[in-house]
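Residue numbers (the numbering used here), protein chains in the order written: chain F, 11 to 346; chain Z, 11 to 346. What follows is a single structure, written as structure tokens, with notes after it.
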DNA sequence: CTGTTAGCGCGTTCAC
DNA sequence: GTGAACGCGCTAACAG
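Written out as structure tokens, the structure is:
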């Protein structure tokens, strides 16, 4: 593998001059510049990035911590984030915490060992006070997560609003017995949605019935089970708010098996606007989340932080969610 | 940030001894070892990985090249590959080529610049002769891809068999007018499936009708369009083989809108065994692919290559696919 | 068993 | 405009 030294020799110049050409420094005569360029291409020279990182204290890599990849929301987040990284000449390292505190800490260590310039957290397992000390070693930016006492940038979606509009939609349709079901891992995300949910109920002077509450629902199968639970209730809800389209899909398909009509007997709203919302019949009313904008903004802030080296500063960017009404809440004419 | 030098000073020893402790070398007395350990934890010392990489010529990172993340097949591949990497103490860098030759080359350069120890290709855009030269700089392992003239390891699924069993299934059910539709990007993958498809037809002495061929089908919407094309045909197929569950789902949902019964009027087989296969009604007959085993094996071979430093050696590991029969080909009793 | 020394490849003062 | 020399942090001979 050719080094900068080899290039210098071949060009009959010093390492310094070669380095200057590589880094586009001024004060290099055109003659020597082209001499260097020729030598570089002749040798197929490429700078060694470990050496560069050691010298510059920058790796041009960022780690993205997520609970897992196989969740359409996070898949899209990865896709968008990788694109944002690429546009900035950065590489993206994927870190699945699998909801484990230990794994999260292991990955946070990438900052200490200088394997990455910064860390984007889209999932938080540990208490903030155990994460905070890592800020000594580099920037941490929250994406789709939020911590009240964290003095770091946080780019997120207005989940409270999301919970509010979808619940209000159900209330506007006349529903008063509304079940609430959500996944737990989204921590603050789930909490915010619940606040919005309750706020809407309050506005309509409807009180929430605790037996209509379902937690830890993530998958299609979870949705199916929830429906089975619901039909055992004497007093059944007429509508249900879910924290994810998969869960909504599970509820809907299982409802059909049990002869429960959607939306007549049970209206269902999902969350995420995934592809399945248009596949299931009836199609699923859901909440669209502007993941691309969020990813872009997150990365942009990360670049700022990397350059400014000021990591501890609270800053919140919030994007609005959008309700997409489909057939699982409002019966529509059949299309031909 | 504390360096090895700081630790050595605090412990009153030399850098070498500290280094030996870090790397678990023998020949270090217990006394000094604990002296070093204490100094390390007191300073919160962690080795700088750029320095380590520069010295050892290893980065403990591997790049995974895929066309894009937001495709359930690749999402799962990423998820499994990240887990395999983590088990081996490696980090995984995600590289989306977006089907672009240039991007692929940019990412292959990670090998040259020594940012990664190896590259896993799950998608090939450029001709092999332009990829081959990169082998000078590190190992390349193919995963779910195949190149006849590439002298590198290739871990893949027997796509020919996959195409064969699903087509044979349709033939066994009595279908003789079978349409074929597939995505183009899977290059050799798609070709292999087609070979299996044709082989099955041949065994049943059925000839393929060219007007039943649809290319570049990837999405649900593509599936819908294909169905709309099909109904314009005078002579319609009675069954259709697709290269992906999304396409199959699109065909099925659109068929229902047009009053075409699945499977009675049109039998459909998908590919990938994604979650939607059980959501759509009728549920989709599909082909299961053992992605986890493939990812695991790929990474294991990568580790071998990284250590042995012998990169140019052909080696093929192939896993069988499995047909999963559901309602889109065989009408089943309604479950309650 | 332990310390001294010499680079890994690069960027950057600081002289010329 | 250009080059010599130092050091980023670490590991591995080599010599004791």
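We put the beta carbon where it would ideally sit given N, CA and C, even for glycine. This structure is a prediction, so every number in the text was calculated from the model and none was measured.
Practice task
Evaluate contact between the segment 168-176 of chain Z and the segment 198-205 of chain Z, counting only Cβ atoms and requiring at least three cross-stretch pairs below 8 angstroms.
Solution key: Between the segment 168-176 of chain Z and the segment 198-205 of chain Z there are three or more inter-stretch CB-CB distances shorter than 8 angstroms, so the stretches are counted as touching.
Handout entry: CB of residue 123 of chain F within 8 angstroms of CB of residue 114 of chain F, strictly
Key = By one-based count along the first chain, residue 123 of chain F stands at place 113. By one-based count along the first chain, residue 114 of chain F stands at place 104. It is not a contact, given that the beta carbons lie outside the stated cut-off.
Handout entry: Members of the segment 36-58 of chain F near chain Z, C-beta cut-off 9 angstroms
Key = Residues passing the 9 angstroms Cβ filter: 54, 56, 57 and 58.
Problem - Coil, strand or helix - residue 20 of chain F by DSSP - result: Here residue 20 of chain F refers to the residue found at position 10 of the first chain. Residue 20 of chain F falls in the helix class under three-state DSSP.
Exercise for the section: Just the chain Z side, please: which residues come within less than 9 angstroms of residue 93 of chain F by C-beta, in chain order? Expected result: By one-based count along the first chain, residue 93 of chain F stands at place 83. Under the 9 angstroms cutoff, chain Z gives 106 and 108.
Practice task
Sort out for me which residues DSSP pairs residue 328 of chain F with in a bridge.
Solution key: Indexing the first chain from 1 puts residue 328 of chain F at position 318. In DSSP, residue 328 of chain F forms a bridge with F/166.
Practice task
Provide the residue span of the alpha helix (DSSP H) that contains residue 308 of chain F, from first to last.
Solution key: Mapped onto the first chain, residue 308 of chain F falls at position 298. Per DSSP, residue 308 of chain F belongs to the alpha helix (DSSP H) from 301-318.
Exercise for the section: Please state if the CB of residue 31 of chain Z and the CB of residue 55 of chain Z are separated by a distance shorter than 8 angstroms. Expected result: What you label residue 55 of chain Z is simply residue 45 of the second chain in a count that begins at 1. What you label residue 31 of chain Z is simply residue 21 of the second chain in a count that begins at 1. For residue 55 of chain Z and residue 31 of chain Z, no; Cβs fall outside 8 angstroms.
Exercise for the section: Output yes if chain F places a C-beta closer than 8 angstroms to the C-beta of residue 287 of chain Z; else output no. Expected result: Position 277 of the second chain, counted from the first residue, corresponds to residue 287 of chain Z. Using a CB distance cut-off of 8 angstroms, residue 287 of chain Z does not count as an interface residue toward chain F.
Problem - Beta-bridge pairing of residue 72 of chain F - partner residues as DSSP gives them - result: As a first step, residue 72 of chain F must be located in the first chain, where it is residue number 62. The partner list for residue 72 of chain F (beta bridge, DSSP) reads F/102 and F/128.
Problem - Paired residues, beta bridge with residue 211 of chain Z - DSSP - result: The residue labelled residue 211 of chain Z in the question sits at position 201 within the second chain. DSSP, once it has assigned bridges, lists no residue as partnering residue 211 of chain Z.
Exercise for the section: Pair every Cβ in the segment 281-299 of chain F with every Cβ in the segment 212-229 of chain F, then say whether three or more of these pairs are closer than 8 angstroms. Expected result: Using a Cβ-Cβ distance cut-off of 8 angstroms, the segment 281-299 of chain F and the segment 212-229 of chain F are not in contact, since fewer than three pairs of beta carbons, one from each stretch, lie closer than that value.
Exercise for the section: Express the C-alpha separation of residue 97 of chain Z and residue 156 of chain F in angstroms, rounding to a whole number. Expected result: Position 146 of the first chain, counting from 1, holds the residue named residue 156 of chain F. Position 87 of the second chain, counting from 1, holds the residue named residue 97 of chain Z. Near 30 angstroms, if we compare the C-alpha coordinates of residue 97 of chain Z and residue 156 of chain F.
Problem - Listed by chain order, chain F residues near residue 63 of chain Z by CB distance under 7 angstroms - result: Here residue 63 of chain Z corresponds to residue number 53 of the second chain, with the count starting at 1. Listed along chain F, the residues sitting closer than 7 angstroms to residue 63 of chain Z by beta-carbon distance are 60.
Practice task
Go ahead and pull the three-state DSSP assignment for residue 270 of chain F.
Solution key: For the purposes of this step, residue 270 of chain F is taken as residue 260 along the first chain, with counting starting at 1. In the structure shown, the three-state DSSP call for residue 270 of chain F is coil.
Practice task
Decide if the segment 326-334 of chain F is in contact with the segment 244-261 of chain F; the criterion is three or more beta carbon pairs, one per stretch, under 8 angstroms apart.
Solution key: Contact fails: fewer than three Cβ-Cβ distances are below 8 angstroms.
Handout entry: Reduced DSSP secondary structure (H/G/I, E/B, other) of residue 228 of chain Z
Key = Working through the second chain from its first residue, we reach residue 228 of chain Z at position 218. Annotated three-state conformation of residue 228 of chain Z is coil, per DSSP.
Practice task
Would you kindly work out how many angstroms separate the C-alpha atoms of residue 231 of chain Z and residue 27 of chain F, rounded to a whole number?
Solution key: Looking up residue 231 of chain Z in the second chain gives position 221. Looking up residue 27 of chain F in the first chain gives position 17. Going by the C-alpha atoms only, they are around 56 angstroms apart.
Practice task
Look at residue 295 of chain F and residue 336 of chain F and say whether their C-beta atoms are less than 8 angstroms apart.
Solution key: Against the first chain, residue 295 of chain F aligns to sequence position 285. Against the first chain, residue 336 of chain F aligns to sequence position 326. Yes, the pair counts as a contact, with Cβ atoms nearer than the cut-off.
Practice task
Identify the contact partners of residue 1 of chain Z in chain F, using a Cβ-Cβ distance below 7 angstroms as the criterion.
Solution key: As shown, chain Z starts at 11 and ends at 346. That puts residue 1 of chain Z outside it, with no answer to give.
Problem - Under 9 angstroms from the C-beta of residue 1 of chain F: neighbouring residues of chain Z - result: Nothing in the structure corresponds to residue 1 of chain F, since chain F is present only between 11 and 346.
Exercise for the section: Could you name the residues of chain Z that residue 85 of chain F contacts, counting a contact when the two beta carbons are closer than 7 angstroms? Expected result: On the first chain, residue 85 of chain F is found 75 positions in, with the first residue counted as 1. Near residue 85 of chain F (Cβ distances below 7 angstroms), the residues of chain Z are 79, 80 and 85.
Problem - Contact with chain Z by residue 89 of chain F, beta-carbon distance below 8 angstroms - result: The sequence position of residue 89 of chain F within the first chain is 79, counting from 1. Closer than 8 angstroms: yes.
Handout entry: Residue from F/261, F/243 and F/242 with nearest C-alpha to residue 228 of chain F
Key = Position 218 of the first chain, counting from 1, holds the residue named residue 228 of chain F. Looking at the Cα atoms, F/261 is the closest of the given residues.
Handout entry: Backbone CA spacing between residue 75 of chain Z and residue 129 of chain Z [nearest angstrom]
Key = By one-based count along the second chain, residue 75 of chain Z stands at place 65. By one-based count along the second chain, residue 129 of chain Z stands at place 119. Whole-angstrom Cα-Cα distance: 7 angstroms.
Exercise for the section: Find out if the Cβ-Cβ distance for the pair residue 120 of chain Z, residue 321 of chain Z is shorter than 8 angstroms. Expected result: If you number the second chain from 1, residue 120 of chain Z lands on position 110. If you number the second chain from 1, residue 321 of chain Z lands on position 311. Cβ atoms of residue 120 of chain Z and residue 321 of chain Z: not closer than 8 angstroms.
Problem - residue 316 of chain Z versus residue 25 of chain Z: straight-line alpha-carbon distance, rounded - result: Locating residue 316 of chain Z in the second chain gives position 306, counting from the first residue. Locating residue 25 of chain Z in the second chain gives position 15, counting from the first residue. For residue 316 of chain Z and residue 25 of chain Z, the gap between their C-alpha atoms comes out near 28 angstroms.
Handout entry: Cβ pair residue 190 of chain F, residue 223 of chain F closer than 8 angstroms
Key = For this step, residue 190 of chain F is matched to residue 180 along the first chain. For this step, residue 223 of chain F is matched to residue 213 along the first chain. Contact flag set, yes.
Problem - Interfacial residues, the segment 226-241 of chain Z to chain F, with Cβ spacing under 7 angstroms - result: For the segment 226-241 of chain Z, which is checked against every Cβ of chain F, the residues closer than 7 angstroms are 230.
Handout entry: Proximity to residue 304 of chain Z [Cα-Cα], best of Z/256, Z/57 and Z/88
Key = If you number the second chain from 1, residue 304 of chain Z lands on position 294. When only C-alpha atoms are compared, the closest one is Z/88.
Handout entry: Beta carbon proximity, residue 296 of chain F to chain Z, threshold 8 angstroms
Key = Taking the first chain and counting its residues from 1, one reaches residue 296 of chain F at position 286. At a cut-off of 8 angstroms between beta-carbon atoms, residue 296 of chain F makes no contact with chain Z.
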